[in-house]
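>
There are 4 protein chains.
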Amino acid sequence: MANLINRRQFTIEWGHCDPAGIVFNARFFEFFDWGTWTLFELALGIKPPELGKAFGIVGIPLVDAGARFLAPAKFGDTVEIASQVSEFRRSSFDVAHRIFVGGAVAVEGSETRVWAARDPADPAKIRSQPIPPEVTARFVVA
Amino acid sequence: MANLINRRQFTIEWGHCDPAGIVFNARFFEFFDWGTWTLFELALGIKPPELGKAFGIVGIPLVDAGARFLAPAKFGDTVEIASQVSEFRRSSFDVAHRIFVGGAVAVEGSETRVWAARDPADPAKIRSQPIPPEVTARFVVA
Amino acid sequence: MANLINRRQFTIEWGHCDPAGIVFNARFFEFFDWGTWTLFELALGIKPPELGKAFGIVGIPLVDAGARFLAPAKFGDTVEIASQVSEFRRSSFDVAHRIFVGGAVAVEGSETRVWAARDPADPAKIRSQPIPPEVTARFVVA
Amino acid sequence: MANLINRRQFTIEWGHCDPAGIVFNARFFEFFDWGTWTLFELALGIKPPELGKAFGIVGIPLVDAGARFLAPAKFGDTVEIASQVSEFRRSSFDVAHRIFVGGAVAVEGSETRVWAARDPADPAKIRSQPIPPEVTARFVVA
Numbered sequence: 109m110a111n112l113i114n115r116r117q118f119t120i121e122w123g124h125c126d127p128a129g130i131v132f133n134a135r136f137f138e139f140f141d142w143g144t145w146t147l148f149e150l151a152l153g154i155k156p157p158e159l160g161k162a163f164g165i166v167g168i169p170l171v172d173a174g175a176r177f178l179a180p181a182k183f184g185d186t187v188e189i190a191s192q193v194s195e196f197r198r199s200s201f202d203v204a205h206r207i208f209v210g211g212a213v214a215v216e217g218s219e220t221r222v223w224a225a226r227d228p229a230d231p232a233k234i235r236s237q238p239i240p241p242e243v244t245a246r247f248v249v250a
Numbered sequence: 109m110a111n112l113i114n115r116r117q118f119t120i121e122w123g124h125c126d127p128a129g130i131v132f133n134a135r136f137f138e139f140f141d142w143g144t145w146t147l148f149e150l151a152l153g154i155k156p157p158e159l160g161k162a163f164g165i166v167g168i169p170l171v172d173a174g175a176r177f178l179a180p181a182k183f184g185d186t187v188e189i190a191s192q193v194s195e196f197r198r199s200s201f202d203v204a205h206r207i208f209v210g211g212a213v214a215v216e217g218s219e220t221r222v223w224a225a226r227d228p229a230d231p232a233k234i235r236s237q238p239i240p241p242e243v244t245a246r247f248v249v250a
Numbered sequence: 109m110a111n112l113i114n115r116r117q118f119t120i121e122w123g124h125c126d127p128a129g130i131v132f133n134a135r136f137f138e139f140f141d142w143g144t145w146t147l148f149e150l151a152l153g154i155k156p157p158e159l160g161k162a163f164g165i166v167g168i169p170l171v172d173a174g175a176r177f178l179a180p181a182k183f184g185d186t187v188e189i190a191s192q193v194s195e196f197r198r199s200s201f202d203v204a205h206r207i208f209v210g211g212a213v214a215v216e217g218s219e220t221r222v223w224a225a226r227d228p229a230d231p232a233k234i235r236s237q238p239i240p241p242e243v244t245a246r247f248v249v250a
Numbered sequence: 109m110a111n112l113i114n115r116r117q118f119t120i121e122w123g124h125c126d127p128a129g130i131v132f133n134a135r136f137f138e139f140f141d142w143g144t145w146t147l148f149e150l151a152l153g154i155k156p157p158e159l160g161k162a163f164g165i166v167g168i169p170l171v172d173a174g175a176r177f178l179a180p181a182k183f184g185d186t187v188e189i190a191s192q193v194s195e196f197r198r199s200s201f202d203v204a205h206r207i208f209v210g211g212a213v214a215v216e217g218s219e220t221r222v223w224a225a226r227d228p229a230d231p232a233k234i235r236s237q238p239i240p241p242e243v244t245a246r247f248v249v250a
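Residue numbers (our numbering), protein chains in the order written: chain A, 109 to 250; chain B, 109 to 250; chain C, 109 to 250; chain D, 109 to 250.
(1) Give a yes or no on whether the C-beta atoms belonging to residue 173(C) and residue 133(B) are separated by under 8 Å.
(2) Kindly say whether residue 184(D), judged by its beta-carbon, lies nearer than 8 Å to any beta-carbon of chain A.
(3) Is the beta carbon of residue 181(A) sitting closer than 8 Å to the one on residue 131(A)?
(4) Which partner residues does residue 205(C) have in the DSSP bridge list?
(5) Is there a Cβ from chain B that is less than 8 Å from the Cβ of residue 123(D)?
(6) Taking its Cβ as the centre, do 16 or more other Cβ atoms sit within 10 Å of residue 156(B), making it buried, or is it exposed?
(7) Could you please give me the residues that DSSP links to residue 236(D) through a beta bridge?
(8) Can you look up residue 170(C) in the DSSP assignment and give me helix, strand or coil?
(9) At a CB-CB cut-off below 8 Å, which residues of chain B make contact with residue 132(A)?
(10) Spell out the partners DSSP gives residue 200(D) in its beta bridges.
(11) Residues of chain A with a CB under 7 Å from the CB of residue 206(D): which are they?
(12) Quick check on this structure: which residue in 121(C), 247(C), 129(C), 137(C) has the alpha carbon closest to the alpha carbon of residue 195(C)?
(13) Label residue 198(B) either buried or exposed according to how many other C-beta atoms from any shown protein chain fall within 10 Å of its C-beta, with 16 as the threshold for buried.
(14) Using beta carbons (cut-off 8 Å, strictly below), is residue 157(A) in contact with chain F?
(15) Among 127(B), 121(B), 162(B), 168(B), whose alpha-carbon lies nearest the alpha-carbon of residue 222(B)?
(16) Nearest to residue 170(C) by CA position, among 115(C), 224(C), 244(C), is which residue?
(17) In three-state DSSP terms, what is residue 161(A)?
(18) Since residue 150(B) and residue 111(B) should fall inside the 8 Å C-beta cutoff, what is the C-beta to C-beta distance between them, to a whole number of angstroms?
(19) Indicate the three-state DSSP secondary structure (helix, strand or coil) for residue 126(C) in the structure shown.
(20) For residue 137(B), which residues of its own chain have a beta-carbon under 8 Å away from its beta-carbon, when the five flanking residues on both sides are left out?
(21) Is it true that the region 207 to 215 of chain A meets the region 198 to 210 of chain D, where meeting means three or more beta-carbon pairs spaced less than 8 Å apart?
(22) Check each candidate in 122(A), 143(A), 214(A), 160(A) and name the one with the smallest Cα separation from residue 121(C).
(23) Using a Cβ-Cβ cut-off of 6 Å (strictly less than) and excluding sequence neighbours within five positions of residue 238(A), which residues of its own chain qualify?
(24) Leaving out five residues on either side along the sequence, give the residues of the same chain with a beta carbon under 8 Å from the beta carbon of residue 152(B).
(25) So what does DSSP say about residue 230(C), is it helix, strand or coil?
(26) Between the Cα of residue 183(B) and the Cα atoms of 240(A), 128(A), 250(A), which residue gives the shortest distance?
(27) Nearest by alpha-carbon distance to residue 188(D): which of 249(D), 154(D), 213(D) is it?
(28) In or out: residue 192(B) buried (at least 16 other Cβ within 10 Å) or exposed?
(29) List, in order along the chain, the chain A residues whose C-beta lies closer than 8 Å to that of residue 145(C)?
(30) How would you call residue 227(D), buried or exposed, if buried means at least 16 neighbouring beta carbons within 10 angstroms?
(31) Provide the residue span of the alpha helix (DSSP H) that contains residue 183(B), from first to last.
(32) Quick one: list the residues of chain B neighbouring residue 201(C), beta-carbon separation under 8 Å, in chain order.
(33) Please report the distance separating the alpha-carbon of residue 233(A) from that of residue 204(C).
(34) By the criterion of Cβ-Cβ separation under 8 Å, what are the contact partners of residue 138(C) in chain A?
(35) What would DSSP say about residue 177(B), mapped onto helix, strand or coil?
(36) If you compare alpha carbons, which of 236(C), 250(C), 202(C) is closest to residue 141(C)?
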């Protein structure tokens, strides 16, 4: 058994890069977000904008994010992001991302997200909620 | 009588700039958006997120935007954006923006926006609506 | 004979969208930039970061950009951008972009760019330069 | 003795926010970058784009970044970012950022950056370099 990994390729664009000619750091956190949504689509077979309705949640808000920048990515590079859930807890989970440039890991990222629903006692508030086992089961491959 | 002009100063940041070392073009359209919201706040005395509720609209969605790039803006430049409504029509209006670098116009921008409310016949739809005269009156200075 | 058209599909991401749930206008100008670079790669067979060296230019800086927003693009939409040079002049050219959502044009964009090289008399300056006929010829399809 | 803290206020814009109506996570990493550059300007009295030339470095590239999202920031919020160097090492340093909304910490961020210069043996390469003591001294307040 192993964790399901989503792989997605894309190109580094001119507008992703800063005056040093490399991807501006904040862009990588956009890419991590892309990776998480497509991982969930791959695992659950549900289009990202339908995820909330399908499970009665408001979404999977981010509570923690981090990145280690090991090598630069440059304009025109074809990169691959590999994303997997590294741990499911009761109502939160971690996603690990690796961005490859030319086959080598250029950036390692991590996100902690919450399975979040409206508070029945106060719908203006959001609170974490247990992640259904039928969800977590879909992130494991035999 | 003249049109009310909103002036706002800000600094060009590292992350606004591209590998040529100058502001990436898409950023200027962000700056125009900043200019329009603060112009409306100046004219109407209403915080931008309260604008919809105050006038029974969903917002002022953009239907057209354009820019002429006359001179570059660079990392560390202090710039000023001057924004004014150049024309009010029945249910739409044009905003003209000028971005100054070192006292000279570096970018001229224009936006066409619609005064938009939910369609009473179908709340999933949005349609333009007459702009109240008490709104347009606030954009003129004696 | 017709103009070469580059078509590129991509997905609208969460981070592209604003509180109205639709793509924030400035993002479309990023997409136009993506379209232009890939059109040039298709036409000339040269990777975007190599374009400058291949032709002795510093790039193809933007001097004018515009967009008409006809219909919204939303999180999860698969969109296609179709880009073509609509006119070549001596040292500048126009690129026309159409972004399709569900088969219908949602956004029409235009860019005017310059074929720009360092000024031999003052390398700190950039000036427009005639576009080589072997370049323009590649943007026509029989 | 204490660490010099740079405080900077700004407004959350429409384009900073995502379909949940709150600041999209990647934007906070832009804000951290704003905070670091202005902290260095405050400490050293040198405009950010002049920093490299002043100290014979290529810049202060990021090797690690992280954020904890404690509370949302919304369109129209006035926020303050407080930034300080939390540790100087031989050739790298950590910057701690706190973003306040309504007086409470909404986001805590950290960056690790390197004092980086061209490698004399191979100018195409960049390597870390000892941070001059006259630099570190400026980040302490009596």
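Just so it is clear, CB atoms sit at the ideal spot from N, CA and C, and this is done for glycine as well.
In short, the structure shows the following:
(1) yes
(2) no
(3) yes
(4) 191(C), 217(C)
(5) yes
(6) buried
(7) 224(D)
(8) strand
(9) 122, 123
(10) 222(D)
(11) Chain A residues near residue 206(D): none, gap ~15 Å exceeds 7 Å.
(12) 247(C)
(13) exposed
(14) Annotation note: the requested chain F is absent from the structure, which comprises protein chains A, B, C and D.
(15) 168(B)
(16) 224(C)
(17) helix
(18) About 12 Å separates the two Cβ atoms, so there is no contact after all.
(19) coil
(20) 173, 175, 217
(21) no
(22) 143(A)
(23) 198, 199
(24) 159, 162, 243, 246
(25) strand
(26) 128(A)
(27) 213(D)
(28) buried
(29) 121, 122
(30) exposed
(31) Run containing residue 183(B): none; DSSP gives neither H nor E here.
(32) None at all; the shortest Cβ gap to chain B is about 15 Å.
(33) 45 Å
(34) 121, 123
(35) strand
(36) 202(C)
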